[in-house]
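Numbering (UniProt numbering), first residue to last: 1 to 104.
Worksheet: the structure to be examined is printed underneath.
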Amino acid sequence: MANVQFGMQVQNFINALNRANIFPAQYDIIHSHWRSTHLPGGLQYRRRRQVNCQTLCRISVMQEARRLGINNYNVIRFTTFRLWAEADADERQSYVNLKNQLNY
Numbered sequence: 001m002a003n004v005q006f007g008m009q010v011q012n013f014i015n016a017l018n019r020a021n022i023f024p025a026q027y028d029i030i031h032s033h034w035r036s037t038h039l040p041g042g043l044q045y046r047r048r049r050q051v052n053c054q055t056l057c058r059i060s061v062m063q064e065a066r067r068l069g070i071n072n073y074n075v076i077r078f079t080t081f082r083l084w085a086e087a088d089a090d091e092r093q094s095y096v097n098l099k100n101q102l103n104y
């Protein structure tokens, strides 16, 4: 029964993300998150970090989870995997474009 309940939590979260139009990525949220976590001290201290598209997807999902008060990391993780698996070519391309901007 726990698996059914977990599956429903993931599906409800996906529905909420779709309503929030979270996928493709919210560029401004991810970009500000990226700058705050990877560029401490501003532009003079720039640390090169590689990021993959699924990580960017997870960041946008986690931002929305925080807004909705969802703190179960497994729900967030499985939701990211489901969204990524079901993404169409345009949605994936939006993350590829963002990844290329951030991996400079």
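Glycine included, C-beta positions come from ideal geometry on N, C-alpha and C.
Can you tell me where the alpha helix (DSSP H) with residue i in it begins and where it stops?
| i | result |
| --- | --- |
| residue 123 | Since the displayed the chain opens at 1 and closes at 104, residue 123 lies outside it and no answer follows. |
| residue 74 | 73-86 |
Whole angstroms is fine: what's the gap from residue i's alpha carbon to residue j's?
| i | j | result |
| --- | --- | --- |
| residue 61 | residue 2 | 23 Å |
| residue 43 | residue 59 | Only weak support is given to the placement of residue 43: the predicted model assigns it a pLDDT of 45, under 50, and the question is left unresolved by the model. |
| residue 72 | residue 91 | 25 Å |
| residue 46 | residue 57 | The predicted model places residue 46 with a pLDDT of 41, which falls under 50 and marks its position as unreliable; any figure quoted below should be read in that light. Using only the alpha carbons, I get a separation of about 23 Å. |
| residue 15 | residue 8 | 10 Å |
| residue 11 | residue 93 | 24 Å |
| residue 85 | residue 77 | 12 Å |
| residue 96 | residue 82 | 18 Å |
| residue 66 | residue 100 | 26 Å |
| residue 87 | residue 75 | 18 Å |
Suppose contacts are defined by Cβ-Cβ distances below 8 Å. Is residue i in contact with residue j by that definition?
| i | j | result |
| --- | --- | --- |
| residue 79 | residue 54 | no |
| residue 70 | residue 13 | yes |
| residue 17 | residue 64 | yes |
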